[in-house]
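Engineer: The sequence shown begins at 524 in my numbering and counts up by one.
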Amino acid sequence: HGAETYVSGDAGYTGAAKRPEHAERDVVWSIAARPSSYKHHGKDSVLYRVKRKVEYAKAQLRAKVEHPFQVIKVRFNHRKVRYRGLEKNTAQLFSLFGLANLVLAKRYLQRTAG
Numbered sequence: 524h525g526a527e528t529y530v531s532g533d534a535g536y537t538g539a540a541k542r543p544e545h546a547e548r549d550v551v552w553s554i555a556a557r558p559s560s561y562k563h564h565g566k567d568s569v570l571y572r573v574k575r576k577v578e579y580a581k582a583q584l585r586a587k588v589e590h591p592f593q594v595i596k597v598r599f600n601h602r603k604v605r606y607r608g609l610e611k612n613t614a615q616l617f618s619l620f621g622l623a624n625l626v627l628a629k630r631y632l633q634r635t636a637g
């Protein structure tokens, strides 16, 4: 934690890169733009369409990253943090993410097999 090189966030994190605690970090910030920031170009504008595609790609990436967390919360009922010590918490999360990967792989394989 703390050695991140790429940070992705939704529109609620707009301006996070400008905060003083992040001034020293060498990070690529990919924060979603609010629709009002490019809506004034008009829907027929080339710039508007390009911005929409970029924001769509950011949203797709965020969804792929956040989906395993949703599987862990819903399927395995891991909704609140239990403080058992760092090693036990780490082991539990590794196990849960491994199981989430199996669930997601099972869905993918069932779809491709028919």
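Even for Gly, the Cβ is constructed at its ideal location relative to N, Cα and C. Quantities reported herein were computed from a predicted structural model and do not represent experimental measurements.
If you scan the stretch 541–628 from start to end, which runs of the alpha helix (DSSP H) of 4 or more residues do you find wholly inside it?
Structural biologist: Within the stretch 541–628, the complete alpha helix (DSSP H) runs of at least 4 residues are 559–562, 569–598.
Engineer: Which one or two residues does DSSP pair with Y529 in a beta bridge?
Structural biologist: Taking the first residue of the sequence shown as 1, we reach residue 529 at position 6. V551, per the DSSP bridge assignment.
Engineer: Go ahead and pull the three-state DSSP assignment for T537.
Structural biologist: In the sequence shown, counting from the first residue as 1, residue 537 sits at position 14. Looking at T537 - three-state DSSP - the assignment turns out to be coil, as it is neither helix nor strand.
Engineer: To which residues of the same chain is R602 closer than 6 Å at the C-beta, ignoring the five residues directly before and after it?
Structural biologist: One-based indexing of the sequence shown puts residue 602 at position 79. K596, listed in sequence order.
Engineer: For the pair the stretch 544–553 and the stretch 567–575, tell me if three or more CB-CB distances fall below 8 Å.
Structural biologist: No: fewer than three Cβ pairs fall under 8 Å.
Engineer: Any heavy atom of the ligand MN within a distance shorter than 7 Å of the CB on E544?
Structural biologist: The ligand MN is not part of the structure shown, which contains no ligands of any sort.
Engineer: Buried or exposed for A623, going by 16 or more other Cβ atoms inside 10 Å?
Structural biologist: In the sequence shown, counting from the first residue as 1, residue 623 sits at position 100. Looking at its Cβ environment, which holds 16 or more other Cβ atoms inside 10 Å, A623 is buried.
Engineer: How long is the line joining the alpha carbons of R605 and P591, rounded to whole angstroms?
Structural biologist: For the purposes of this step, residue 605 is taken as residue 82 along the sequence shown, with counting starting at 1. For the purposes of this step, residue 591 is taken as residue 68 along the sequence shown, with counting starting at 1. Going by the C-alpha atoms only, they are around 19 Å apart.
Engineer: Taking the alpha-carbon positions, what's the T528 to A540 distance?
Structural biologist: The count along the sequence shown starts at 1 and reaches residue 528 at position 5. The count along the sequence shown starts at 1 and reaches residue 540 at position 17. Distance between the alpha carbons of T528 and A540 is about 13 Å.
Engineer: Where H563 and F620 are concerned, what is the direct C-alpha to C-alpha distance, given to the nearest angstrom?
Structural biologist: Translated into the one-based positions of the sequence shown, residue 563 becomes position 40. Translated into the one-based positions of the sequence shown, residue 620 becomes position 97. Distance between the alpha carbons of H563 and F620 is about 42 Å.
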